[in-house]
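S.K.: Residue numbers (the working numbering), protein chains in the order written: chain P, 1 to 464; chain C, 465 to 928. Positions of the beta carbon are idealized from the N, C-alpha and C atoms, including for glycine.
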């Protein structure tokens with residue numbers, strides 16, 4: 001049955017404040033898709049910018065009645081098409097729900113609305129001597145709601161874990177329009193199923209998150225930064241494995257390859273590309289003398305693995321400069337063309353061989369592939385660059401994209417380390433998960449969203 | 465339709481090795497219940513001691529065909545009745561599946577069968593310089609499969625988290641008899657729903673776990689032990705809150721009260737009860753000078769909170785002696801009568817007032833209530849002691865048990881911090897979770913186990 005969008009909009013209008021509902025096509029246009037290249041998106045009937053959990057609940061209830069799809073959205077910084085609009089439905093933006101409801105210093109928890117920007121939460125925590133670790137590269141813009149919906153990772157995950165490791169309680173709207181609370185405020189709790197963990201990473205397909213309770217940690221001591229300049233990508237990959245083999249637990253271990261360094265230099269003239277082919281940036285935050293010893297050991301491991309230059313820096317400004325190259329890599333590459341972002345994660349022992357295979361794939365498909373990586377946890381972000389309008393290049397890049405997924409799976413890895421499945425990795429999900437496991441996904445989806453209105457057609461195919 | 469147990473046993477006999485299937489009542493008797501006092505249990509048709517995932521799969525397939533209940537079981541050390549047998553069904557023991565399949569030093573993961581005993585895994589990891597943190601008090605006997613099914617906690621959770629924080633992959637038998645793998649071996653991965661987290665803590669109601677992949681950490685430096693001797697229970701409770709307020713992150717913070725100390729002394733004559741009313745045992749494992757400073761600060765916090773005596777000990781033998789009193793408390797109390805174990809968890813700021821309320825409840829119901837606690841995360845274990853055969857005392861104790869649950873909920877806590885719901889906390893679950901959340905549990909249960917054969921009637925009531 002097709003959706004009666006006129007009646008849908010009438011019913012939304014009856015339930016919502018006028019300035020909350022957007023139907024003007026020019027304004028709707030900025031809510032059509034996230035930042036994934038080439039993922040398709042539809043034409044929604046409306047955008048709702050919710051100001052409260054009750055607004056979100058009203059949207060789900062009306063959409064449930066009309067069997068219209070609801071696509072929840074934070075800042076739209078996703079890289080898999082998970083927040084892309086669907087035909088005839090509602091895009092439900094949570095960006096205006098940006099209140100930090102509570103930061104409790106003694107319990108070390110924060111309660112936030114979904115639209116709170118990651119860096120804003122981190123800053124508010126820091127003022128109280130506390131730290132919210134998950135730090136996706138999008139942290140200046142992405143929201144905690146979006147981070148939770150995608151189980152976002154980041155740089156310090158290699159030591160401190162991902163978003164799911166910090167979310168302990170949620171308020172959310174169910175697929176049938178109930179507003180419920182799950183989880184806890186206590187340090188532990190095992191009453192019933194882990195619905196919090198199930199919602200986190202479900203990409204808007206099981207519920208619409210309207211409030212998030214997260215664990216916090218005390219602020220850390222300053223980190224030491226260890227830089228290694230390598231003559232080629234694969235020797236840097238071997239150094240990543242050697243760091244793990246040495247028993248080190250870095251608080252970050254990032255890789256930036258030649259193509260990225262060159263792009264950053266072409267833009268900002270930082271002079272890195274003349275000194276290194278590939279840079280590894282490690283961090284150690286173990287306090288005191290033991291931390292110094294670990295940093296020295298990492299420097300040694302870099303040298304032993306073939307780094308032409310390796311150094312420990314405890315000067316925050318110098319370290320910031322090195323990490324700036326890491327952060328600038330993505331925007332620098334965007335100046336060169338369309339960027340399709342990969343997100344495979346492989347065992348630490350497989351980093352070097354998989355990087356070598358990615359280079360071979362780039363050559364085979366005549367595609368420019370730059371590499372940044374949360375190398376310490378084997379999370380590789382090959383970045384496939386094509387010129388806008390070059391259909392043949394785009395086709396080659398898409399072949400390369402799928403071959404990288406095949407290589408990661410063959411190495412015992414996963415098709416997505418932290419960006420989520422959305423639309424771009426749906427084929428990958430079906431390659432990674434067995435048919436009975438996909439059936440379990442479908443059964444849970446039906447249990448939580450019997451009308452199938454929450455971001456339908458994302459993450460996995462609804463049928464065989 | 466009643467279960468045809470003769471046909472059920474015939475079909476099991478056809479699928480299993482003879483020595484795997486037990487129907488002799490004398491041998492069945494030792495598989496009827498776990499260690500929960502007063503939880504009911506039924507009369508199963510058979511016990512199967514699975515030797516392989518295929519055995520477990522055969523049991524589920526046969527039981528699915530006969531609509532007979534399957535109760536999975538590790539070592540039977542549970543404290544909530546979760547593993548108690550059901551009429552006409554099969555108790556599926558995983559205790560013989562005790563192979564450590566793999567310990568991978570570089571990836572820092574272990575793959576184990578469900579019957580591996582917690583301490584055995586920890587010892588095998590230690591030989592390789594690695595550490596599996598979750599350390600329930602039952603660790604000399606309880607199995608990793610049981611730990612995963614109940615999301616077991618322990619002493620070091622206060623700093624290092626619970627079982628769910630370490631399980632990254634599972635093989636399990638679904639409610640329809642499929643043998644599936646979910647999760648990953650990589651550091652990160654966000655493909656599809658978190659079925660691993662959903663299975664962990666589901667107490668055998670969503671699947672039968674046949675293999676577990678866990679994350680490991682490097683072995684730690686030696687811990688410092690900080691003992692505080694307090695004049696009463698509530699001042700020790702206030703010290704727990706003060707430790708949190710001081711920004712400390714202990715690697716253990718245990719409480720042992722007067723009744724426990726007295727019982728240990730009556731048994732082992734350790735002389736503790738003459739020196740203290742209530743003991744707090746803290747541990748700090750931060751390395752180096754910073755760790756020394758933190759230990760000194762904890763000692764100071766103990767003194768400032770009213771401890772008559774407080775001391776930092778770095779002598780492992782002395783520290784072991786102190787923790788022995790903690791470990792011996794439970795068996796020492798069992799010498800005094802039947803012990804019903806509570807397991808509420810409250811916010812850290814609520815430890816002292818809730819301990820005071822527990823004392824008042826004990827007085828009001830004329831019930832001996834001893835207290836041990838993973839105090840640092842607010843996880844209290846009031847132990848209600850009654851004399852065997854004293855029905856009136858048992859009734860008073862049960863009233864006290866439920867009042868403690870009410871107090872914990874009113875304080876913003878949960879009815880079970882780490883033992884699970886099983887049968888003993890089912891009323892508590894329904895008090896803690898809202899009706900729509902219970903409905904989500906039922907829907908997920910139906911999705912994963914459509915025939916309702918996996919540990920039915922545990923955790924939550926099947927109907928309104």
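Given residue 473 of chain C, which residues of its chain have a CB within under 7 angstroms of its CB, disregarding the five upstream and five downstream residues?
M.R.: On the second chain, position 9 is the one that residue 473 of chain C refers to. Once the five neighbours on either side are set aside, the close Cβ partners of residue 473 of chain C are 487, 509 and 510.
S.K.: Please list, in chain order, the residues of the region 283-294 of chain P that have any C-beta partner in chain C closer than 9 angstroms.
M.R.: Residues 286, 287, 288, 289, 290 and 291.
S.K.: Which residue marks the beginning of the beta strand (DSSP E) containing residue 381 of chain P, and which one marks its end?
M.R.: Position 381 of the first chain, counting from 1, holds the residue named residue 381 of chain P. Where residue 381 of chain P is concerned, the enclosing beta strand (DSSP E) stretches over 379-386.
S.K.: Please name the residue or residues paired with residue 507 of chain C in a DSSP beta bridge.
M.R.: Reading the second chain from its first residue, position 43 is the one you call residue 507 of chain C. Beta-bridge pairing links residue 507 of chain C to no other residue.
S.K.: Give the range of the beta strand (DSSP E) segment to which residue 181 of chain P is assigned.
M.R.: In the first chain, counting from the first residue as 1, residue 181 of chain P sits at position 181. Segment 179-183, the beta strand (DSSP E) holding residue 181 of chain P.
S.K.: Do you know offhand how far residue 252 of chain P's Cα is from residue 237 of chain P's?
M.R.: Translated into the one-based positions of the first chain, residue 252 of chain P becomes position 252. Translated into the one-based positions of the first chain, residue 237 of chain P becomes position 237. Spanning the two alpha carbons is a distance of roughly 15 angstroms.
S.K.: If we define contact as Cβ-Cβ less than 8 angstroms, is residue 158 of chain P a contact residue for chain C?
M.R.: By 1-based counting over the first chain, the position of residue 158 of chain P is 158. Residue 158 of chain P counts as touching chain C.
S.K.: To which residues of the same chain is residue 484 of chain C closer than 8 angstroms at the C-beta, ignoring the five residues directly before and after it?
M.R.: Your numbering for residue 484 of chain C matches position 20 in the second chain. Around residue 484 of chain C: 512, 513, 514, 515 and 519.
S.K.: Does the region 738-754 of chain C come within contact of the region 262-277 of chain P, defined as at least 3 CB pairs closer than 8 angstroms?
M.R.: Note that the region 738-754 of chain C does not touch the region 262-277 of chain P; fewer than 3 beta-carbon pairs, one per stretch, sit closer than 8 angstroms.
S.K.: Spatial neighbours of residue 555 of chain C within its chain, please: CB distance less than 7 angstroms, with the 5 preceding and 5 following residues excluded, ordered by chain position.
M.R.: Residue 555 of chain C sits at position 91 when you count from the first residue of the second chain. If we look at residue 555 of chain C and ignore the five residues flanking it on each side, its Cβ neighbours are 495, 508, 511, 535, 537 and 549.
S.K.: Apply the 10 Å Cβ neighbour rule to residue 273 of chain P and answer buried if 16 or more other Cβ atoms are within range, or exposed otherwise.
M.R.: Along the first chain, one-based indexing puts residue 273 of chain P at 273. Flag for residue 273 of chain P reads buried.
S.K.: Which residue from P:364, P:386, P:297 and P:285 puts its Cα closest to that of residue 335 of chain P?
M.R.: Your numbering for residue 335 of chain P matches position 335 in the first chain. The shortest C-alpha separation from residue 335 of chain P is found at P:386.
S.K.: For residue 171 of chain P and residue 377 of chain P, I'd like the C-alpha separation in whole angstroms.
M.R.: Taking the first chain and counting its residues from 1, the one referred to as residue 171 of chain P is at position 171. Taking the first chain and counting its residues from 1, the one referred to as residue 377 of chain P is at position 377. Those two C-alpha atoms are separated by around 31 angstroms.
S.K.: Quick one: is residue 31 of chain P near chain C, going by C-beta distance under 8 angstroms?
M.R.: Within the first chain, residue 31 of chain P is the residue found at index 31, counting from 1. No - not a single Cβ of chain C is within 8 angstroms of the one on residue 31 of chain P.
S.K.: Following the continuous alpha helix (DSSP H) through residue 693 of chain C, name the residue where it begins and the one where it ends.
M.R.: Your numbering for residue 693 of chain C matches position 229 in the second chain. Residue 693 of chain C -> not in any alpha helix (DSSP H); beta strand (DSSP E) instead, spanning 688-694.
S.K.: Whose C-alpha, out of P:456, P:173, P:308 and P:389, is nearest the C-alpha of residue 339 of chain P?
M.R.: Counting from one through the first chain, the residue named residue 339 of chain P turns up at place 339. Considering only alpha carbons, the answer is P:389.
S.K.: I need the boundaries of the beta strand (DSSP E) containing residue 679 of chain C, first residue and last residue.
M.R.: Position 215 of the second chain, counting from 1, holds the residue named residue 679 of chain C. From DSSP, the beta strand (DSSP E) with residue 679 of chain C extends over 672-679.
S.K.: I'd like to know whether the C-beta of residue 912 of chain C is nearer than 8 angstroms to at least one C-beta of chain P.
M.R.: What you label residue 912 of chain C is simply residue 448 of the second chain in a count that begins at 1. Taking Cβ atoms only, chain P reaches closer than 8 angstroms to residue 912 of chain C, which makes this a yes.
S.K.: For residue 570 of chain C, return the contacting residues in chain P, with the cut-off set at a CB-CB distance below 9 angstroms.
M.R.: Here residue 570 of chain C refers to the residue found at position 106 when the second chain is read from its first residue. Result: 241, 244, 245, 347, 348 and 349.
S.K.: By DSSP, does residue 663 of chain C sit in helix, in strand, or in coil?
M.R.: Here residue 663 of chain C refers to the residue found at position 199 of the second chain. Correct three-state label for residue 663 of chain C: helix.
S.K.: Quick one: list the residues of chain C neighbouring residue 191 of chain P, beta-carbon separation under 8 angstroms, in chain order.
M.R.: Residue mapping note: residue 191 of chain P aligns to position 191 of the first chain, counting from 1. Ordered by position in chain C, the residues that pass the 8 angstroms Cβ test against residue 191 of chain P are 878, 879, 880, 885, 889, 892, 893, 896 and 897.
S.K.: Please identify the residue among P:57, P:83 and P:37 whose C-alpha is closest to the C-alpha of residue 203 of chain P.
M.R.: Walking along the first chain from the start, residue 203 of chain P turns up at place 203. The option with the nearest alpha carbon to residue 203 of chain P is P:83.
S.K.: Ordered along the chain, which non-local residues of its own chain (more than five positions away) have a Cβ less than 8 angstroms from that of residue 151 of chain P?
M.R.: Along the first chain, read from residue 1 onward, the residue named residue 151 of chain P stands at position 151. Excluding residues within five positions, the ones whose Cβ falls inside 8 angstroms are 162, 163, 164, 200, 201, 418 and 420.
S.K.: Is the number of C-beta pairs between the region 671-679 of chain C and the region 555-572 of chain C that are closer than 8 angstroms three or more?
M.R.: yes
S.K.: For the beta strand (DSSP E) holding residue 813 of chain C, just list the boundary residues, first then last.
M.R.: Residue 813 of chain C sits at position 349 when you count from the first residue of the second chain. Here residue 813 of chain C belongs to no beta strand (DSSP E), and DSSP marks it neither H nor E.
S.K.: What does a CB cutoff of less than 7 angstroms around residue 258 of chain P pick up in its chain, not counting 5 residues either side in sequence?
M.R.: Taking the first chain and counting its residues from 1, the one referred to as residue 258 of chain P is at position 258. By the criterion of a C-beta distance shorter than 7 angstroms, residue 258 of chain P is surrounded in its chain by 273, 277 and 278, once the five residues flanking it on both sides are discounted.
S.K.: Spatial neighbours of residue 735 of chain C within its chain, please: C-beta separation below 8 angstroms, excluding the five flanking residues on both sides.
M.R.: In the second chain, counting from the first residue as 1, residue 735 of chain C sits at position 271. These residues qualify, in order along the chain: 729.
S.K.: Does residue 846 of chain C pass the burial test, meaning 16 or more other C-beta atoms within 10 Å, or should it be called exposed?
M.R.: The residue you call residue 846 of chain C lines up with position 382 of the second chain. When all chains shown are included, residue 846 of chain C counts as buried.
S.K.: Using beta-carbon positions only, say whether residue 624 of chain C and residue 596 of chain C come within less than 8 angstroms of one another.
M.R.: Your numbering for residue 624 of chain C matches position 160 in the second chain. Your numbering for residue 596 of chain C matches position 132 in the second chain. The answer is no: Cβ separation not under 8 angstroms.
S.K.: Quick check on the burial criterion: 16 or more other C-beta atoms within 10 angstroms. Buried or exposed for residue 604 of chain C?
M.R.: The residue you call residue 604 of chain C lines up with position 140 of the second chain. Flag for residue 604 of chain C reads exposed.
S.K.: Do the region 56-71 of chain P and the region 426-443 of chain P make contact, defined as three or more Cβ pairs closer than 8 angstroms?
M.R.: no
S.K.: Does the pairing of the region 312-320 of chain P with the region 359-366 of chain P give three or more beta-carbon distances under 8 angstroms?
M.R.: Too few Cβ pairs lie closer than 8 angstroms, so no.
S.K.: For residue 325 of chain P and residue 384 of chain P, what's the separation of their Cα atoms in angstroms?
M.R.: Position 325 of the first chain, counted from the start, is the residue given in the question as residue 325 of chain P. Position 384 of the first chain, counted from the start, is the residue given in the question as residue 384 of chain P. Each residue's Cα considered, the two are about 19 angstroms apart.
S.K.: Beta-carbon within less than 8 angstroms of residue 333 of chain P's beta-carbon, same chain only, minus the 5 sequence neighbours each way: which residues are those?
M.R.: For the purposes of this step, residue 333 of chain P is identified with residue 333 of the first chain, where counting begins at 1. The residues are 259, 260, 263, 339, 370, 383 and 385.
S.K.: Contact between the region 698-714 of chain C and the region 802-821 of chain C: three or more CB pairs below 8 angstroms?
M.R.: yes
S.K.: Alpha carbon to alpha carbon, how far is residue 915 of chain C from residue 890 of chain C? Give it in angstroms, no decimals.
M.R.: Locating residue 890 of chain C in the second chain gives position 426, where the first residue counts as 1. Locating residue 915 of chain C in the second chain gives position 451, where the first residue counts as 1. One C-alpha to the other measures close to 21 angstroms.
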